[in-house]
Every structure is written in structure tokens, then in C-alpha cells.
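For the sequence shown, UniProt numbering begins at 1 and goes up steadily by one. Glycine included, each C-beta is placed from N, C-alpha and C at the ideal position.
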Amino acid sequence: MTRLTAELAPASAAVMKSAILALSAPQPMTCDDDGDPGTNEGTKTGAKVGGGQVVRDERTPGKRRADALTELVTAAAKVVSGDASPTGAAATALITMNLEALTEGVGHAQAVATGDVLDAGAARRIACDAQVIPIVLGARSEPLDVG
């Protein structure tokens, strides 16, 4: 086994963590009536498929994250080598910040999924590269308006 460690800028770390999180959810598999594993196309609801039983994803969270990183790097390598074309959307990174931090570039923002704190400039750069969907929050952080 090889252990990888990285020192990333907060904005880069937020994007990477969001991409890995998106791919690292447990993936239940289905088995046929003989108990043979199926195609790893579980329903993610725990329902039986085609008479087979749903088998729990036994990988640890760390193993699922490592598999997600490998999947990301493999896909990127295929694009770089010309074996595949880029498809799909970028990872979604939910970031919270107040209006002053967004418009004035002061203060900080926070990545919702990971809790990472970003400076306002980094959050603004992510917003420029992404499809930004503003959410107006009330005094108790309840969503008042989305979009």
C-alpha cells in the first residue's frame, strides 16, 4: 500500500473533497438467487432487484474515498491521453458566505460538506468557475430564497 499526503490551498482542497465525497457513497451490490454478485448496480434504496438480494458495501469510508480518488485520477488520465472526452458537470461545492464577503472580498466563506474555511477571494474564484446558485439565508440560517 502507498499512502498519499497533500498540502492544498483551501479552495483546491474544497473542490477535491467535494469531488471525492460525490463518488465515495456506499454502493450496494445485488446478488442473483445463487448468491453470485451482480453488476454493482444496486438501487441505493435497499430494495431487492430482480429477485436478488442487496449486499451491503463492506468497504470502509477510507477505502471508498481512496477508490473515489482513483476513479477521478483514472478518468482525468483518459481525458489527458485522448482516450476519452470530458463529459458531465464539475463537482458541486456548497459554500456559505455573507453578502459583504462576496461583494467586498473581505471575511471568509465555509464549505458546507467539509467545514473547510476559505478566504473570500478563493470563494469568489470558485463562484466564477462554477454555476453559482445563490441562497439567501435568514437569521437562523434557514433558506429564504434559492436561485
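Legend entry - Paired residues, beta bridge with Thr55 - DSSP: The sequence position of residue 55 within the sequence shown is 55, counting from 1. One point to set straight first is that residue 55 is Val, not Thr, in the sequence displayed. Val55 is bridged to Met29.
Legend entry - Exposure label - Leu99; buried when at least 16 CB within 10 Å: To locate residue 99, count along the sequence shown from 1; it is residue 99. Residue environment for Leu99: exposed (fewer than 16 other C-beta atoms within 10 angstroms of its C-beta).
Inset, instruction - Look up Lys17 in the DSSP assignment and say whether it is helix, strand or coil. - result: If you number the sequence shown from 1, residue 17 lands on position 17. Helix, per DSSP.
Legend entry - Under 7 Å between C-beta atoms of Ala109 and Ala93: To locate residue 109, count along the sequence shown from 1; it is residue 109. To locate residue 93, count along the sequence shown from 1; it is residue 93. No, these two residues do not count as a Cβ contact at 7 Å.
Legend entry - Helix, strand or coil at Val117 according to DSSP, with G and I counted as helix: For this step, residue 117 is matched to residue 117 along the sequence shown. Three-state DSSP puts Val117 in a strand.
Inset, instruction - Classify Ile133 as helix, strand or coil using the three-state DSSP reduction. - result: In the sequence shown, the residue the question calls residue 133 occupies position 133. Note: Ile133 maps to coil in three-state DSSP.
Inset, instruction - Take Ala84 and list the residues in its own chain whose beta-carbon comes closer than 8 Å to its own, dropping the five residues that flank it on each side. - result: Residue mapping note: residue 84 aligns to position 84 of the sequence shown, counting from 1. Closer than 8 Å at the Cβ level, and outside the excluded window around Ala84, lie Ala75, Lys78.
Inset, instruction - Mind checking who Ile95 pairs with in its DSSP beta bridge? - result: Residue numbering aside, residue 95 sits at position 95 when the sequence shown is read from its first letter. BP columns for Ile95 point to Ala111.
Inset, instruction - Kindly indicate which three-state DSSP category Val49 falls into: helix, strand or coil? - result: On the sequence shown, position 49 is the one that residue 49 refers to. With a pLDDT of only 48 at Val49, under 50, the local geometry of the prediction cannot be trusted, and the value read off the model is given with reservation. Strand, per DSSP.
Inset, instruction - Quick one: grab the DSSP three-state call for Pro143. - result: Taking the first residue of the sequence shown as position 1, residue 143 is located at position 143. DSSP places Pro143 in strand when its eight states are reduced to three.
Inset, instruction - State the Cα-Cα distance for the pair Met1 and Ala66, rounded to the nearest angstrom. - result: One-based indexing of the sequence shown puts residue 1 at position 1. One-based indexing of the sequence shown puts residue 66 at position 66. In a straight line, the C-alpha of Met1 is about 11 Å away from that of Ala66.
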